[in-house]
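*Asks:* Take this structure first; my questions come after.
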Amino acid sequence: MKVIDLTHVVKEDMPVYPGTEAPLLEPANTYEKDGFKETRISMFSHTGTHMDPPAHLFPQRTTLDRFPPEQFIGKAVVIDCRDLSEGESITMDRICRVGEKAELADFLLFNLGWDQRWGSKSYFGDYPCLDDEVMDYVLKGKYKGIGFDVIGLDPIADTNLTRHKKLFAKTEIVNIENLCHLEQCGPGLFWFSCFPLKIENSDGSPIRAVAWFE
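Following the UniProt record's numbering, the numbering of the sequence shown begins with 1 at its first residue and continues without gaps.
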């Protein structure tokens, strides 16, 4: 079985969304003093490779802990968008290129090649985003989730979070951000899992996103 880790490492000097704080990983117990190691972890719920549920935007909508576990596992396909320039839109042409695999997948994962900018200022630049037609396609498709190797579904400049609101207003779906290594998954369907921490009333959670091939 081939397994690919699609997850950035959580560490104190990692990139975080503008306005939030980087994680703190503080020693709570040590080998020398206590005979074992334990770490106090302090971070925002949308740190690193993470997942948004509908409750991220709307009160009374579904939190991550209320989703059944099967929401976080299924077949995925990568939509290759690496040739798009900054500021361009992801259009239906990109979906059509993978053919029926887009309809057979539970998760659509969009590869912008942006993970290569992880750790640099350009990671927070004008990355391509889904246009309205693709958003409508996703909403009609009954997908379990969509995912990206950029820091947001919306451009950083869109403080209204227009796409987030459209995605989560009525649909039981999750949105994954800050994926990496999507180019290693190839053009076909593959198994994908993205389990979050089971936190009460969770508006988001870091995940361990993994692809595997039997």
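Glycine residues also receive a C-beta, built at the ideal position from the N, C-alpha and C atoms.
For residue 31, count neighbouring Cβ atoms within 10 angstroms of its own Cβ and tell me buried if that reaches 16, exposed if not.
*Replies:* Within the sequence shown, numbered from 1, the residue matching residue 31 stands at position 31. Looking at its Cβ environment, which holds fewer than 16 other Cβ atoms inside 10 Å, residue 31 is exposed.
*Asks:* Could you give the residue range of the alpha helix (DSSP H) that holds residue 163?
*Replies:* Walking along the sequence shown from the start, residue 163 turns up at place 163. Per DSSP, residue 163 belongs to the alpha helix (DSSP H) from 162-168.
*Asks:* Residue 144 and residue 107 look like a contact to me (Cβ under 8 Å); what is the Cβ gap, rounded to whole Å?
*Replies:* As a first step, residue 144 is located in the sequence shown; it is residue number 144 there, counting from the start. As a first step, residue 107 is located in the sequence shown; it is residue number 107 there, counting from the start. Contact holds; Cβ gap of about 6 Å.
*Asks:* Would you report the Cα separation of residue 83 and residue 28, rounded to the nearest angstrom?
*Replies:* The sequence position of residue 83 within the sequence shown is 83, counting from 1. The sequence position of residue 28 within the sequence shown is 28, counting from 1. The alpha-carbon atoms of residue 83 and residue 28 are separated by roughly 46 Å.
*Asks:* Tell whether a beta-carbon distance below 8 Å holds between residue 167 and residue 160.
*Replies:* Residue numbering aside, residue 167 sits at position 167 when the sequence shown is read from its first letter. Residue numbering aside, residue 160 sits at position 160 when the sequence shown is read from its first letter. Contact flag unset, no.
*Asks:* Report, in whole angstroms, the separation of the C-beta atoms of residue 224 and residue 6, which I expect to be a contact under 8 Å.
*Replies:* A query on residue 224 cannot be resolved here, the shown segment of the chain reaching from 1 to 214 and no further.
*Asks:* Could you say which of 99, 78, 120 and 105 lies nearest to residue 247 if we only look at CA atoms?
*Replies:* Coverage of the chain is limited to positions 1 through 214, which leaves residue 247 absent and any answer about it impossible.
*Asks:* Whole angstroms are fine: how far does the CA of residue 52 sit from the CA of residue 65?
*Replies:* Position 65 of the sequence shown, counted from the start, is the residue given in the question as residue 65. Position 52 of the sequence shown, counted from the start, is the residue given in the question as residue 52. Distance between the alpha carbons of residue 65 and residue 52 is about 12 Å.
*Asks:* Can you name, in chain order, every residue of its own chain whose Cβ lies under 7 Å from the Cβ of residue 193, other than the five neighbours on each side?
*Replies:* The sequence position of residue 193 within the sequence shown is 193, counting from 1. Contacts found: 72, 73 and 210.
*Asks:* Check this for me: beta carbons of residue 10 and residue 39, under 8 Å apart or not?
*Replies:* Here residue 10 refers to the residue found at position 10 when the sequence shown is read from its first residue. Here residue 39 refers to the residue found at position 39 when the sequence shown is read from its first residue. The answer is no: Cβ separation not under 8 Å.
*Asks:* If we call anything under 8 Å between Cβ atoms a contact, is residue 101 one with residue 186?
*Replies:* Here residue 101 refers to the residue found at position 101 when the sequence shown is read from its first residue. Here residue 186 refers to the residue found at position 186 when the sequence shown is read from its first residue. Contact: no.
*Asks:* To the nearest angstrom, how far is it from the Cα of residue 177 to the Cα of residue 152?
*Replies:* The count along the sequence shown starts at 1 and reaches residue 177 at position 177. The count along the sequence shown starts at 1 and reaches residue 152 at position 152. Looking at the two C-alpha atoms, the distance is approximately 6 Å.
*Asks:* Give the DSSP bridge partners of residue 30, in chain order.
*Replies:* Position 30 of the sequence shown, counted from the first residue, corresponds to residue 30. The partner list for residue 30 (beta bridge, DSSP) is empty, contrary to what the question assumes.
*Asks:* Are the CB atoms of residue 110 and residue 147 nearer to each other than 8 Å?
*Replies:* The residue given as residue 110 occupies position 110 in the sequence shown. The residue given as residue 147 occupies position 147 in the sequence shown. Yes, the Cβ-Cβ distance between residue 110 and residue 147 is below 8 Å.
*Asks:* Give the single residue among 96, 117 and 18 whose Cα lies nearest to the Cα of residue 134.
*Replies:* Your numbering for residue 134 matches position 134 in the sequence shown. Answer by Cα proximity: 96.
*Asks:* For the putative contact between residue 207 and residue 49, defined by C-beta atoms under 8 Å, what is the C-beta separation to the nearest angstrom?
*Replies:* Here the question's residue 207 lines up with position 207 in the sequence shown. Here the question's residue 49 lines up with position 49 in the sequence shown. That pair is a contact at about 6 Å.
*Asks:* Between which two residues does the beta strand (DSSP E) holding residue 219 run?
*Replies:* With the chain represented from 1 up to 214, any question about residue 219 goes unanswered, as that position is not in the structure.
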